[in-house]
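Enquirer:
Chains as they are written, first to last, in the numbering used here: chain C, 1 to 115; chain B, 1 to 114.
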C-alpha cells in the first residue's frame, strides 16, 4: 500500500544536539511538507518542497533545515538553534496535477522531546 | 493571503445528537476546502473536500459539510454523533490562485459524551 512513513515515532534530544526526522513516501507525490504541531496552536508550516532539489521556508523555518535529494524523501533536521523543539512533527505530501487538487496525505508523526 | 478560522476550541455533544464544527475562510481566488480529523498521537486523516459542484459534500464516517460562498463558511456536520467521533478536527483551505499550499485552522476538539 502507498503512504507516508515517518520515523522514529518518538525521539528524545539532548540540549545542543541536532536530530533528523525521516519522511519517506511511495505515492509518487511531487510536493512534500513539514508541519509542527503544539497543543492549542494547530499546524504551523516549517518547510515545503515542490520538486526535487528545491525547497522553501514556511512560517517557522528558523532552527530547522531540510533537503530534497530524492522525490521520495524529505528529511527534517532540528538544529541546536531551535530553542523550543519539543513538539509533534507531521510530514505530508501532495500531487500536483495539471487540473484539480487533492489535498495532502499525512504521515503518522514524530513526537520530539528535549531531555 | 488565505486564512481559516475555527471559532470554537472545543465542542461538547451527547452521543446521538447532531454535531457541528464551524469553519470560515478567506481567499482571494476560488477556494478548495478540506476537513481532516486527528486522533491522539496520529497524523491527520482526510474526511472530505469541496472543490466545485454541489454545496453539500459527503465524506467518510457519515460526515458532511456545507459550502456557503456568501458566508465564506464550510461547517462540518454529522447527524448523530458517536463516542468514537471524539477527536481533533481541522479545516483547511487552498487558494486556487496561490499555489498548492494548504492553510489550516487552529483545530476544534470534539468530545462526544455517552
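For glycine and all other residues, C-beta sits at the position ideal for the given N, C-alpha and C.
(1) Look at the Cβ atom of residue 19(B), then the Cβ atom of residue 36(B), and state whether they are nearer than 9 angstroms.
(2) Going along chain C, which residues have a C-beta under 8 angstroms from residue 100(B)?
(3) Between the Cα of residue 27(B) and the Cα atoms of 114(B), 108(B) and 104(B), which residue gives the shortest distance?
(4) Would you say residue 120(B) reaches chain C, if we count a Cβ-Cβ gap shorter than 9 angstroms as a contact?
(5) Comparing the C-beta of residue 6(C) with each C-beta of chain B, is any distance below 9 angstroms?
(6) Would you say residue 71(B) faces chain C, with C-beta separation under 9 angstroms as the test?
(7) Name the residue from 79(C), 73(C), 101(C) and 52(C) whose alpha carbon lies nearest to the alpha carbon of residue 91(C).
(8) Output, in sequence order along the chain, the residues in the segment 33 to 48 of chain B whose CB is closer than 8 angstroms to any CB in chain C.
(9) What's the C-alpha gap between residue 74(B) and residue 65(B)?
(10) Starting from the Cα of residue 3(B), find the closest Cα among 108(B), 33(B), 61(B) and 68(B) and give me that residue.
(11) Taking the beta carbon of residue 51(C) as the centre, do at least 16 other beta carbons fall within 10 Å, making it buried, or is it exposed?
(12) On the criterion of 16 or more Cβ atoms from any shown chain inside 10 Å, does residue 49(C) qualify as buried, or is it exposed?
(13) Would you verify that the beta carbon of residue 92(B) is, or is not, closer than 9 angstroms to some beta carbon of chain C?
(14) Suppose you measure from the CA of residue 83(C) to the CA of residue 70(B); what does that come to, to the nearest Å?
Expert: A quick look at the data gives this:
(1) no
(2) 31, 50, 94, 96 and 101
(3) 104(B)
(4) Only positions 1 to 114 of chain B appear in this structure, which leaves residue 120(B) out of reach.
(5) yes
(6) no
(7) 73(C)
(8) 34, 36, 41, 42, 43, 44, 45 and 46
(9) 6 angstroms
(10) 33(B)
(11) exposed
(12) buried
(13) yes
(14) 43 angstroms
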